[in-house]
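Student:
In my numbering, the protein residues as written are 1251 to 1622.
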């Protein structure tokens, strides 16, 4: 079985991201070296549990590891105070000790929430990420960002808590709906756009095959994405500088997610894709990149069958002014100033803190009117 191993170098808290097919079936053997006692608590969601939990349970049983499991409701609404409390209380009921391991088995919602629960349980227990969506495999499972959403915005409460191991089984991606897969692709294409023009070229050529199920293309895309994130995280774990580049598309995207109530109207990766298109449009309007660059970005996203424009979001949206106010709640605000990730070219992103708000508002007005 072909697999990749990407190290995340963080000194005593370093760990590996293992990527390949069939890793869920070998989970017991993969995590056994981490265990002080042969018992794990698995937290998943009901959708993943119905399809994959028996495979995971069988793997643990074959390795002689006892398992208890909790299945949370699926969806972004789960990533809040109520289900966090439920998860923590359940882990305490399972008598999980600081030396034990909690397994987060699901997409980004499960990974973020369970990682945060592990961070605050007994002031920190170890956990293993087993991401089941493309978005989680290439982004949220790597780097130790954990947290929940609140009424004020997305991911505003959380902690940096690195996993002990990440196992990304690309065969699990075969069970995703096309929409969920493409939402994850929004995070994949982000890596090429922010720092690797060659990877973006490769995605233009191979993205359609990847979406159609090409396992080799999926392995290569997930591996390259993880390599880029791991490198950035190892150099800037707590987002003091370079790690902010990973937020390309997110300032716009998070505001649009909040405006749609974190509902199925707009998935996170869809918001990121629309946000990336807007970020390149804003860059072009500021004279940072050539006029054809945002057109190229939009053309590729459109060819992949993704949401590209604000007008692709169903239902009514707030005004441009209201969207700008939602951006003001974003974690990336510094000294009251919005920070945008802009670009001089594909693969050349940078942090900008002096973007005129009226220019952003004008862009949003046009986007809402369907002219961008």
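Positions of the beta carbon are idealized from the N, C-alpha and C atoms, including for glycine.
#1: Can you tell me whether DSSP reads residue 1381 as helix, strand or coil?
#2: Quick check on DSSP: helix, strand or coil for residue 1596?
#3: Who are residue 1460's beta bridge partners in DSSP?
#4: How long is the line joining the alpha carbons of residue 1574 and residue 1505, rounded to whole angstroms?
#5: Would DSSP call residue 1446 helix, strand or coil?
#6: Nearest to residue 1489 by alpha carbon, out of 1393, 1259, 1576, 1353?
#7: For the candidate residues 1469, 1532, 1276, whose alpha-carbon lies nearest to that of residue 1606?
#8: Starting from residue 1572, follow the alpha helix (DSSP H) in both directions and report where the run begins and ends.
#9: Counting along the chain, where does the beta strand (DSSP E) carrying residue 1554 start and finish?
#10: To which residues does DSSP link residue 1191 through a beta bridge?
#11: Taking only three categories from DSSP, how would you classify residue 1311?
#12: Nearest-angstrom Cα distance between residue 1318 and residue 1290?
#13: Can you tell me whether DSSP reads residue 1435 as helix, strand or coil?
#14: Going by beta carbon distance, what residues of the same chain come within less than 6 Å of residue 1254, once the five residues before and after it are set aside?
#15: Measuring CA to CA, which of 1552, 1600, 1259, 1527 is closest to residue 1614?
#16: Let me make sure I understand the geometry here. Which of 1486, 1484, 1444 has the alpha-carbon closest to that of residue 1599?
#17: So residue 1508 is in the alpha helix (DSSP H); what residue range does that whole segment cover?
#18: For a quick check, are the C-beta atoms of residue 1618 and residue 1570 less than 8 Å apart?
#19: Run the CB neighbour count on residue 1609, radius 10 Å, all protein chains shown included, and call it buried at 16 or more, exposed below.
#20: So who's on the other strand from residue 1289, going by DSSP bridges?
#21: Is there at least one Cβ from chain D nearer than 8 Å to residue 1558's Cβ?
#22: Can you name the start and end residues of the alpha helix (DSSP H) that residue 1258 belongs to?
#23: Alpha carbon to alpha carbon, what distance is there between residue 1441 and residue 1447?
#24: Nearest to residue 1624 by CA position, among 1485, 1303, 1578, 1327, is which residue?
#25: Hey, which unbroken runs of the beta strand (DSSP E) at 3 residues or more fall wholly within the region 1381 to 1405?
#26: Leaving out five residues on either side along the sequence, give the residues of the same chain with a beta carbon under 6 Å from the beta carbon of residue 1564.
#27: Between which two residues does the alpha helix (DSSP H) carrying residue 1561 extend?
#28: For residue 1509, which residues in the same chain have their Cβ closer than 7 Å to its Cβ, ignoring the five residues on either side in sequence?
#29: Among residues of its own chain, excluding the 5 on either side of residue 1386, which ones have a beta-carbon nearer than 6 Å to its beta-carbon?
#30: Residue 1608 lies in the alpha helix (DSSP H); which residues open and close that run?
#31: Is the Cβ-Cβ distance between residue 1348 and residue 1374 less than 8 Å?
#32: When the Cα of residue 1555 is compared with those of 1279, 1421, 1454, 1389, which residue comes out closest?
#33: Pick out whichever of 1543, 1500, 1621, 1286 has its Cα sitting closest to the Cα of residue 1589.
#34: Ignore the nearest five residues each way along the sequence and tell me which others in residue 1286's own chain have a CB closer than 6 Å to its CB.
#35: Please classify residue 1270: does DSSP put it in a helix, a strand, or coil?
Tutor: For this structure:
#1: In the chain shown, the residue the question calls residue 1381 occupies position 131. In this structure, residue 1381 counts as strand in the three-state DSSP scheme.
#2: Start at 1 with the first residue of the chain shown, and residue 1596 comes out as number 346. Residue 1596: coil per DSSP, three-state reduction.
#3: Reading the chain shown from its first residue, position 210 is the one you call residue 1460. Bridge partners of residue 1460: none, in fact.
#4: In the chain shown, counting from the first residue as 1, residue 1574 sits at position 324. In the chain shown, counting from the first residue as 1, residue 1505 sits at position 255. Rounded to whole angstroms, residue 1574 to residue 1505 spans 8 Å at the Cα level.
#5: Counting from one through the chain shown, the residue named residue 1446 turns up at place 196. If DSSP states are grouped into helix, strand and coil, residue 1446 belongs with coil.
#6: As a first step, residue 1489 must be located in the chain shown, where it is residue number 239. The shortest Cα separation from residue 1489 among 1393, 1259, 1576, 1353 belongs to 1393.
#7: Residue numbering aside, residue 1606 sits at position 356 when the chain shown is read from its first letter. Checked all of 1469, 1532, 1276; the closest Cα to residue 1606 is 1532.
#8: Mapped onto the chain shown, residue 1572 falls at position 322. Note, residue 1572: alpha helix (DSSP H), 1570 to 1577.
#9: Residue mapping note: residue 1554 aligns to position 304 of the chain shown, counting from 1. Here residue 1554 belongs to no beta strand (DSSP E), and DSSP marks it neither H nor E.
#10: Absent from the structure is residue 1191, since the part of the chain shown begins at 1251 and ends at 1622.
#11: Position 61 of the chain shown, counted from the first residue, corresponds to residue 1311. Three-state result, residue 1311: helix.
#12: Within the chain shown, residue 1318 is the residue found at index 68, counting from 1. Within the chain shown, residue 1290 is the residue found at index 40, counting from 1. Going from the Cα of residue 1318 to the Cα of residue 1290 covers about 7 Å.
#13: Working through the chain shown from its first residue, we reach residue 1435 at position 185. Helix.
#14: Position 4 of the chain shown, counting from 1, holds the residue named residue 1254. Excluding residues within five positions, the ones whose Cβ falls inside 6 Å are 1269, 1473.
#15: Here residue 1614 refers to the residue found at position 364 of the chain shown. Considering only alpha carbons, the answer is 1527.
#16: For the purposes of this step, residue 1599 is identified with residue 349 of the chain shown, where counting begins at 1. Among 1486, 1484, 1444, the Cα nearest to that of residue 1599 is on 1444.
#17: Locating residue 1508 in the chain shown gives position 258, where the first residue counts as 1. Residue 1508 -> alpha helix (DSSP H) spans 1500 to 1509.
#18: Here residue 1618 refers to the residue found at position 368 of the chain shown. Here residue 1570 refers to the residue found at position 320 of the chain shown. Contact: yes.
#19: As a first step, residue 1609 must be located in the chain shown, where it is residue number 359. The residue in question, residue 1609, is exposed, as its Cβ has fewer than 16 Cβ neighbours within 10 Å.
#20: On the chain shown, position 39 is the one that residue 1289 refers to. Its beta-bridge partners are 1316.
#21: Any reference to chain D falls outside this structure, which holds one protein chain only.
#22: Position 8 of the chain shown, counted from the first residue, corresponds to residue 1258. Unbroken run through residue 1258 is the beta strand (DSSP E), 1253 to 1258; no alpha helix (DSSP H).
#23: Taking the chain shown and counting its residues from 1, the one referred to as residue 1447 is at position 197. Taking the chain shown and counting its residues from 1, the one referred to as residue 1441 is at position 191. When rounded, the distance between both Cα atoms is 9 Å.
#24: Examination of residue 1624 is not possible in this model, given that the chain is present from 1251 through 1622 alone.
#25: 1395 to 1400
#26: Here residue 1564 refers to the residue found at position 314 when the chain shown is read from its first residue. Closer than 6 Å at Cβ, skipping near neighbours: 1515.
#27: Stepping through the chain shown from its first residue, residue 1561 is reached at position 311. Looking at the DSSP string, residue 1561 is not in any alpha helix (DSSP H), and its letter there is neither H nor E.
#28: One-based indexing of the chain shown puts residue 1509 at position 259. Same-chain partners within the cutoff: 1567, 1568, 1573, 1576.
#29: Here residue 1386 is taken as the residue at index 136 of the chain shown, counted from 1. Counting only Cβ-Cβ distances below 6 Å, and skipping sequence neighbours, we find 1357, 1358, 1361.
#30: Residue 1608 sits at position 358 when you count from the first residue of the chain shown. Residues 1607 to 1618.
#31: Within the chain shown, residue 1348 is the residue found at index 98, counting from 1. Within the chain shown, residue 1374 is the residue found at index 124, counting from 1. Result yes, Cβ atoms of residue 1348 and residue 1374 sit closer than 8 Å.
#32: Working through the chain shown from its first residue, we reach residue 1555 at position 305. That would be 1454, whose Cα lies nearest to the Cα of residue 1555.
#33: Mapped onto the chain shown, residue 1589 falls at position 339. Checked all of 1543, 1500, 1621, 1286; the closest Cα to residue 1589 is 1500.
#34: Start at 1 with the first residue of the chain shown, and residue 1286 comes out as number 36. For residue 1286, where only same-chain residues beyond five positions count, the Cβ hits under 6 Å are 1349.
#35: Locating residue 1270 in the chain shown gives position 20, counting from the first residue. Correct three-state label for residue 1270: strand.
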